[in-house]
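Trainee: This is the structure I want to talk about, given as structure tokens.
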Amino acid sequence: MRLLKTLIPGDIAAGLALTGKYFGKVFFSANRKKVRAHLKHFTQEYPEIPVRLAPRFRGRLTLLKDEQGEIKCVCCLACEKICPTQVITIEKGKMEGRKMPYPVRYDFEMERCIFCEFCVESCGFDSIILNHQFELAAYNREDFSLGMEGLGQNMFAPSPVGKYSVAED
Amino acid sequence: MFKSEEMEINLGPQHPSTHGVLRVKLRLDGETVVKCTPVIGYLHRGLEKICENKTYFQGQVWTDRMDYVAAISNNLGWVEGVEKLFGIETPRRARYIRTMLTEMNRIASHLLWLATHALDIGAMTVFLYAFRERELLLDLFEAFCGARLTTTAFRIGGLREDLPPGFVKQARAFQAIFPERLEEYETLLSENRIWKKRTVGVARINAEDCIALGVTGPVLRAAGVPYDIRKAFPSAAYAEMDFEIPTRPEADTYARYLVRLAEMRQSHRIIQQCLDGLPEGPVMAKIPKILKSEVNEVYHAIEAPKGELGYYFVGEKGGVNPYRMHVRAPSFVNLQALPKMIEGRLLADVIAAIGTLDVVLGEIDR
Ligand code: SF4
Ligand code: SF4
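Quick note, the sequences are listed as chains A and B, same order. Using our numbering, read the first sequence as starting at 1464 and increasing by one per residue. Using our numbering, read the second sequence as starting at 256 and increasing by one per residue.
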């Protein structure tokens, strides 16, 4: 009995049948449009084909402006206080013709941000969001210090585009 | 003719099969392990101390980074521990959603274990298949909270937001295919002669030793002890769920494999019950804006995928952060069983033993 089992490798054959089944499915449907639902590719050709993210995806912190182009932030400092890694620094200021305080500086050190979204949650004025940007790598440390102005590295820019980033192409 | 002497070698800390930065000092006689000493601490970040300097609300983000393959379980332990400290009641719907996500996380963690354990022992295909299903779960986590790994999924008092639209449908789609996929893994492994040769009878540890060392989770259950915190001290919505505790008497690597597969089936059952019986209602309780504690101490344990995960809080009077916070990490305690399992056995079994313990170094070193 034992010898028979060794000679006829049923267990290995069952495994091979399974992998063969998948191989066949992929092989015979490779050039057809209609791929069966569960055979949808799990690996993506990422840089060429953009990734689809969930609506709640937590990316880089962005300051928002309202319809008049005014910064929505009113310097209540709630986000600065709640941030677990203390990466937001805000300087309060006044602007002509604006009742609410106005952020003179809004500094954000992205290298230490952990994308927890606590800041967005704490903001009662909906003036910040975490956008869907995830290609955040850069070559220099300075590229991670974002502020309200700067060379395309500011908090309103859709994304901090690194020199060799895919997003640039 | 040949002089024989014992030799000491290091396994790790950069060996791919030690699952991170675990270093194991091994004293070998030929190929037999005479003595084994795990050396830990390469990933120490002082998480407990950091959490003592953060508020109860902020501390949760650090729990993601302990057992990073089961972040939602860690979140659950933290928020429930804090809720216990402050006596906060969570709405029923929030508890159901928490239970569901934690069970999904258990499946994801067990899938990662299966994938890497099989890969260590030499079965490549299972790795790819298990990651395929884990991907579906990570997509669900991303849809729910916006992150795939470091989730920060729950909030003290409930959830930040309700389930996103389409979540239930997506979860049901996963539920529909998963049992079939589990059978595929079994086809590949359960009867496979190479797999059985590498696992049956390997790295035994009996129930007495498990209990003496404090080992919990699937390792303890595979030694025949039906201890599961979900049943023993139910939190979240586990008391309302109908599920079994799978156990095996053999206490070897193969038994632990079977127990974990059976656990995935039970988790699948719990998710189904959560989806079917999801109550309506709010997901957030009314809690004060700033949580200030009294002098109080609380220990709260949950059943993480790896075993008993406990949080111990000591509150100060009027303090917004814990005076002392301690984590009882299951991987840390389970790792103590490693010398017992492999001393006197072959070097190749060390890899199987580390894999079967399912340790995550982020949690061991904290
Ligand atoms: S996402 Fe978290 S870490 Fe990043 S800035 Fe906001 S609060 Fe701070
Ligand atoms: S919480 Fe909102 S309004 Fe307050 S400082 Fe931060 S961004 Fe500005």
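Quick reminder that beta carbons are idealized off the backbone N, C-alpha and C, glycines included.
Would a C-beta distance cut-off of 8 Å place T407 of chain B and A491 of chain B closer than the cut-off?
Mentor: The count along the second sequence starts at 1 and reaches residue 407 of chain B at position 152. The count along the second sequence starts at 1 and reaches residue 491 of chain B at position 236. Not closer than 8 Å, so no.
Trainee: Any idea if K572 of chain B is buried or exposed, counting beta-carbon neighbours within 10 angstroms, 16 or more meaning buried?
Mentor: The sequence position of residue 572 of chain B within the second sequence is 317, counting from 1. Label assigned to K572 of chain B: exposed.
Trainee: Got a list of residues with beta-carbon closer than 6 Å to any non-hydrogen atom of ligand 3, in chain order?
Mentor: Judged by which ligands are present, ligand 3 is missing from the structure shown, whose ligands are ligand 1 and ligand 2.
Trainee: Could you give the DSSP three-state label for S1608 of chain A: helix, strand or coil?
Mentor: The residue labelled residue 1608 of chain A in the question sits at position 145 within the first sequence. If DSSP states are grouped into helix, strand and coil, S1608 of chain A belongs with the strands.
Trainee: For G401 of chain B, count neighbouring Cβ atoms within 10 angstroms of its own Cβ and tell me buried if that reaches 16, exposed if not.
Mentor: Taking the first residue of the second sequence as 1, we reach residue 401 of chain B at position 146. Answer is buried; the Cβ neighbour count reaches 16.
Trainee: From the DSSP output, in three-state form, read off L1502 of chain A for me.
Mentor: Position 39 of the first sequence holds residue 1502 of chain A. Here L1502 of chain A scores only 49 on pLDDT, less than 50, and its place in the model should not be relied on; the value that follows carries that caveat. Three-state DSSP puts L1502 of chain A in a helix.
Trainee: Going by C-alpha distance, which of B:I557, B:L602, B:Y578 and B:L533 is nearest P585 of chain B?
Mentor: Taking the first residue of the second sequence as 1, we reach residue 585 of chain B at position 330. Measuring from the Cα of P585 of chain B, the nearest candidate turns out to be B:I557.
Trainee: Buried or exposed: which applies to L397 of chain B, given that a residue is buried once 16 or more other Cβ atoms fall within 10 Å of its Cβ?
Mentor: Taking the second sequence and counting its residues from 1, one reaches residue 397 of chain B at position 142. Here residue 397 of chain B is Glu; the residue named in the question, Leu, does not match the sequence. Buried is the call here.
Trainee: How would you label K561 of chain B, buried or exposed, when you count the other beta carbons within 10 angstroms and need 16 or more for buried?
Mentor: Residue mapping note: residue 561 of chain B aligns to position 306 of the second sequence, counting from 1. It counts as buried.
Trainee: So if I threshold CB-CB distances at 7 Å, which residues from the stretch 414 to 430 of chain B count as touching chain A?
Mentor: Those would be R415 and P419, in chain order.
Trainee: Once DSSP output is grouped into helix, strand and coil, what is the label at H372 of chain B?
Mentor: Here residue 372 of chain B refers to the residue found at position 117 of the second sequence. Correct three-state label for H372 of chain B: helix.
Trainee: For a contact meaning CB atoms closer than 7 Å, what does C400 of chain B contact in chain A?
Mentor: Numbered from 1 along the second sequence, position 145 holds the residue referred to as residue 400 of chain B. Residues of chain A passing the Cβ test: R1519.
Trainee: Kindly give me the distance between the Cβ atoms of D620 of chain B and I295 of chain B, rounded to whole angstroms, as I take these residues to be in contact under 8 Å.
Mentor: Here residue 620 of chain B is taken as the residue at index 365 of the second sequence, counted from 1. Here residue 295 of chain B is taken as the residue at index 40 of the second sequence, counted from 1. 6 Å between Cβ atoms; contact.
Trainee: Under 9 Å, CB to CB, which of the residues in the stretch 443 to 459 of chain B have a partner in chain A?
Mentor: Against chain A - using a Cβ distance shorter than 9 Å - the residues of the stretch 443 to 459 of chain B are L443, L444, S445, E446, N447, R448, I449, W450 and K451.
Trainee: What does the alpha-carbon distance come out to for the pair Y1627 of chain A and Y1602 of chain A?
Mentor: Stepping through the first sequence from its first residue, residue 1627 of chain A is reached at position 164. Stepping through the first sequence from its first residue, residue 1602 of chain A is reached at position 139. Reliability fails at Y1627 of chain A, whose pLDDT of 37 lies under 50, so the model's placement of it is uncertain and the value that follows must be treated cautiously. Taking the straight line from one Cα to the other gives about 9 Å.
Trainee: Is Y323 of chain B helix, strand or coil when you go by DSSP?
Mentor: Position 68 of the second sequence holds residue 323 of chain B. Y323 of chain B falls in the coil class under three-state DSSP.
Trainee: What is the rounded straight-line gap between the Cα of V470 of chain B and the Cα of R348 of chain B?
Mentor: As a first step, residue 470 of chain B is located in the second sequence; it is residue number 215 there, counting from the start. As a first step, residue 348 of chain B is located in the second sequence; it is residue number 93 there, counting from the start. Rounded to the nearest angstrom, the two C-alpha atoms are 33 Å apart.
Trainee: Keeping to the same chain, check which residues put their C-beta closer than 8 Å to that of H299 of chain B; ignore five residues upstream and five downstream.
Mentor: Indexing the second sequence from 1 puts residue 299 of chain B at position 44. Around H299 of chain B: D620 and R621.
Trainee: Pull up the CB-CB distance for A608 of chain B and A458 of chain B, whole angstroms please, since I reckon it's below 8 Å.
Mentor: The count along the second sequence starts at 1 and reaches residue 608 of chain B at position 353. The count along the second sequence starts at 1 and reaches residue 458 of chain B at position 203. At roughly 4 Å, the Cβ-Cβ gap stays under 8 Å, so A608 of chain B and A458 of chain B are in contact.
Trainee: Would you kindly work out how many angstroms separate the C-alpha atoms of V582 of chain B and Y554 of chain B, rounded to a whole number?
Mentor: If you number the second sequence from 1, residue 582 of chain B lands on position 327. If you number the second sequence from 1, residue 554 of chain B lands on position 299. The straight-line gap from Cα to Cα measures roughly 9 Å.
Trainee: With 8 Å set as the bound, which would you pick, yes or no: does the beta-carbon of E439 of chain B sit closer than that to a beta-carbon of chain A?
Mentor: On the second sequence, position 184 is the one that residue 439 of chain B refers to. True, the Cβ-Cβ gap to chain A drops below 8 Å.
Trainee: Given the structure, does F1490 of chain A come close to ligand 1, in the sense that its CB is under 7 Å from one of the ligand's heavy atoms?
Mentor: Sequence index remark: in the first sequence, residue 1490 of chain A carries index 27 (1-based). No, the Cβ of F1490 of chain A stays beyond 7 Å of every heavy atom of ligand 1.
Trainee: Please look up how many angstroms separate the CB atoms of Q315 of chain B and N330 of chain B, rounded, as I've assumed it's under 8 Å.
Mentor: By one-based count along the second sequence, residue 315 of chain B stands at place 60. By one-based count along the second sequence, residue 330 of chain B stands at place 75. 6 Å between Cβ atoms; contact.
Trainee: Quick check: what's the CA-CA separation for T442 of chain B versus T354 of chain B?
Mentor: Counted from its first residue, the second sequence places residue 442 of chain B at position 187. Counted from its first residue, the second sequence places residue 354 of chain B at position 99. Going from the Cα of T442 of chain B to the Cα of T354 of chain B covers about 30 Å.
Trainee: Using a 10 Å radius around the Cβ and a threshold of 16 neighbouring Cβ atoms, would you call N308 of chain B buried or exposed?
Mentor: Mapped onto the second sequence, residue 308 of chain B falls at position 53. N308 of chain B should be labelled exposed.
Trainee: Give the straight-line distance between the Cα atoms of A1563 of chain A and G565 of chain B, rounded to the nearest whole angstrom.
Mentor: Taking the first residue of the first sequence as 1, we reach residue 1563 of chain A at position 100. Taking the first residue of the second sequence as 1, we reach residue 565 of chain B at position 310. Reading the sequence as shown, one finds Met at residue 1563 of chain A and not Ala. Each residue's Cα considered, the two are about 46 Å apart.
Trainee: Buried or exposed: E1580 of chain A, going by 16 or more other Cβ atoms within 10 Å of its Cβ?
Mentor: What you label residue 1580 of chain A is simply residue 117 of the first sequence in a count that begins at 1. Answer is buried; the Cβ neighbour count reaches 16.
Trainee: Run through chain A and tell me which residues come within less than 8 Å of E397 of chain B, C-beta to C-beta.
Mentor: Start at 1 with the first residue of the second sequence, and residue 397 of chain B comes out as number 142. Those within 8 Å of E397 of chain B in chain A are L1516, A1517, R1519 and F1520.
Trainee: Of all the alpha helix (DSSP H) runs that stay within the bounds of the stretch 1546 to 1617 of chain A, which reach a length of 4 or more residues?
Mentor: As far as the stretch 1546 to 1617 of chain A is concerned, its whole alpha helix (DSSP H) runs of at least 4 residues are 1581 to 1585.
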